[in-house]
Amino acid sequence: MDPDHEHVDDNEHVDQNMFDDDYEADDDDENDLDSTSDGFAEVTVNNDRLPLVPSEFSTLDEALQNFVAVFESRYGPLHPFCYLSTLQESITEAFDAPGRDLNERKPVAIYLHNDTSVACNIFAQQVMCSETISPLLKAQFITWGWDVTYPENRTRFLDWLEMLNLNDVAQTVRHIRRENYPILLVLIKDRGTVIPVTYASGHDSPDVVLEKLMQGLDMFLAVKNRALGEERARVEREDLRAKQVAELEESKAVDKAKQEERERAAREEREAAEALEREKEEAIARQEKLKATLPSEPDATEKDIITIRLRFPTGDQHIRRFRMNESVKWLVAYSESLGFDMKTYRLFTSDVPKKDVATLDNNKSFRELKWPPREQITIDEK
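Have a look at this one:
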C-alpha cells in the first residue's frame, strides 16, 4: 500500500483477541527473547518425530521446502503453503505486487507451528487443512509458514521481524505463550507500516479462525479500496495535468506559428518594399543615364525639325522636338527617360490605323520613315 494511506484506527480495528488471555504482556520481559513468561525457555522436543523445520539447515530454501514436505506428510496435501520464499519476499509480494496492478495486493497470513503445543495437530489438521480455510488463504492471502518448535528457529524468526522493522509484529509474537500455539497471524500494510490486525490461536475453532480471517481481510480491503480511490484520483490529477501541459504546449505552438507567420509576412513585406525601392532607384538611375545620352532638343526656330506631342496614360501631355535626321530610337529613349519603360508601355502613332512604334525600324530617321513635322504619340500600358 502506498505510504500516504491513512492508518487503520487501532481502537477500531485491532482484534481484541490480541489482548486476551493468550497474550501475556510483561513489561519486564518486553525485549527479552529468552523470557520464561512465554513458556519457550525450556522445551522438550520429540526427537523421534521429523520436525517441520530442523534446528540446523543449510539454506532457508531448504528449510521452507522441508516445512512443506513434512507438513504434507503429516496432514495431507490440502494446505495453503504455496509461496516458498523469504519472509521479506513474501511481504513484498503481498503488499507491493511488483510489476502488477494495485488490485493484486493481498494481506499476509503467517502460520507459526510448535510441536510442543497441545493443539498443534488439531489446529493444523482442522484449520490449516480445512476445505474452507485453506482455499481462502490460498486465494486471498500470501501465506507464509514457519516452525518455532526449536528455540533457535523462534529466535531466527524474531530476528527477521526486527531486521524488517516489523516491531509491532515481533512484540505480538513475543507475548503469545507456547501453549496457545499454533498461531495464524494476519498482517496488513497501512501508510507504509506493517501491522498485525488479528491472530487466531491453537484453541480457536475453525469457525472462529474463519471469522478472524474475514475480519483481517475486510480491514485490508478497506485500506486497499481507499488506496485504489487515491490512486484513481492521482491518475486523474496526472491526466488533467498532462492535458493542461499538452494544451499549453499546443497553445505555445500556435502562438509561435502565428508569430513566425507575422515575422514572415513582415519580412516579405519589408523585402518587397526594399525590392520596389531598388527598382525605383534603378529606374531613376536608368532614366538619368538615358537623359544624358539624348541629343539636345532643337530650338523651335530651327528648320527641319519634328514636334511630337506625347499623351501619357494619365491624360497629361508633353511636347518634345527632334531633328528630322535623328533616328526614331531617340523618341523611344526619351519616353523611357520619362519613366515609361518599353517593357511595360507601348508607343502608338496617330496614323489610321495607328502603328506601334516598336514595329518600326527605330534605327531609321523620322525623315526616312516619312513622319510629318507634327506628330502625336499615345503612350499606353501593355
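Under UniProt numbering, think of the first position of the sequence shown as 1, with each following residue one higher. No residue lacks a Cβ here, since even glycine has one placed at the ideal position from N, Cα and C. A quick note: this is a predicted structure, and the numbers were derived from the prediction, not measured.
Ignore the nearest five residues each way along the sequence and tell me which others in residue i's own chain have a CB closer than 8 Å to its CB.
i, result
"residue 287", "336, 337, 338, 339"
"residue 72", "79"
"residue 330", "294, 295, 322"
"residue 54", "63, 66, 150"
"residue 98", "92"
Taking the alpha carbon of residue i as the point to measure from, which residue in the options has its own alpha carbon closest?
i, options, result
"residue 182", "236, 374, 127, 372", "127"
"residue 364", "380, 328, 344, 357", "328"
"residue 305", "62, 375, 86, 249", "375"
"residue 139", "107, 147, 115", "107"
"residue 322", "308, 316, 333", "308"
"residue 146", "161, 248, 135", "161"
"residue 369", "357, 101, 136, 279", "357"
"residue 324", "282, 372, 349", "372"
"residue 326", "366, 351, 143, 275", "366"
"residue 380", "137, 349, 191", "349"
"residue 317", "99, 377, 70", "377"
"residue 104", "227, 251, 271, 262", "227"
"residue 95", "360, 192, 250", "192"
Might you give, ordered along the chain, the residues of its own chain that have their beta carbon closer than 6 Å to the beta carbon of residue i, omitting 5 neighbours on each side?
i, result
"residue 75", "124, 125, 129"
"residue 247", "none"
"residue 68", "81"
Using a 10 Å radius around the Cβ and a threshold of 16 neighbouring Cβ atoms, would you call residue i buried or exposed?
i, result
"residue 1", "In this prediction, residue 1 has a pLDDT of 40, which is less than 50 and means its spatial position is unreliable; nothing more can be read from the coordinates."
"residue 219", "buried"
"residue 131", "exposed"
"residue 77", "exposed"
"residue 223", "buried"
"residue 142", "buried"
If you drop the 5 nearest sequence neighbours on each side, which residues of the same chain put their C-beta closer than 7 Å to that of residue i?
i, result
"residue 166", "194"
"residue 231", "102"
"residue 209", "127, 133, 184, 200"
"residue 382", "344, 345, 346"
Exercise for review: Mind listing, in chain order, the continuous beta strand (DSSP E) runs of no fewer than 3 residues lying wholly within the stretch 181 to 229?
Suggested key: 183 to 190, 193 to 200
**Study point:** Inter-stretch contact (C-beta, 8 Å, three-pair minimum) for the stretch 193 to 204 and the stretch 116 to 125
**Key:** yes
Exercise for review: Indicate whether the contact test is met: 3 or more Cβ pairs, each with one atom in the stretch 110 to 119 and one in the stretch 174 to 193, closer than 8 Å.
Suggested key: Output reads yes: the stretch 174 to 193 touches the stretch 110 to 119.
Check your understanding: Three or more beta-carbon pairs under 8 Å between the stretch 289 to 301 and the stretch 309 to 316, yes or no?
Key -> The stretch 289 to 301 is not in contact with the stretch 309 to 316.
Practice item. Scan the stretch 78 to 150 and note each continuous alpha helix (DSSP H) run of 4 residues or more that stays entirely inside, going in chain order. Key: 87 to 96, 120 to 123, 133 to 140
Exercise for review: Output the residue ranges of the beta strand (DSSP E) runs that lie fully inside the UniProt domain "UBX" (301 to 379) and measure 3 residues or longer, sorted by chain position.
Suggested key: 305 to 311, 317 to 323, 345 to 348
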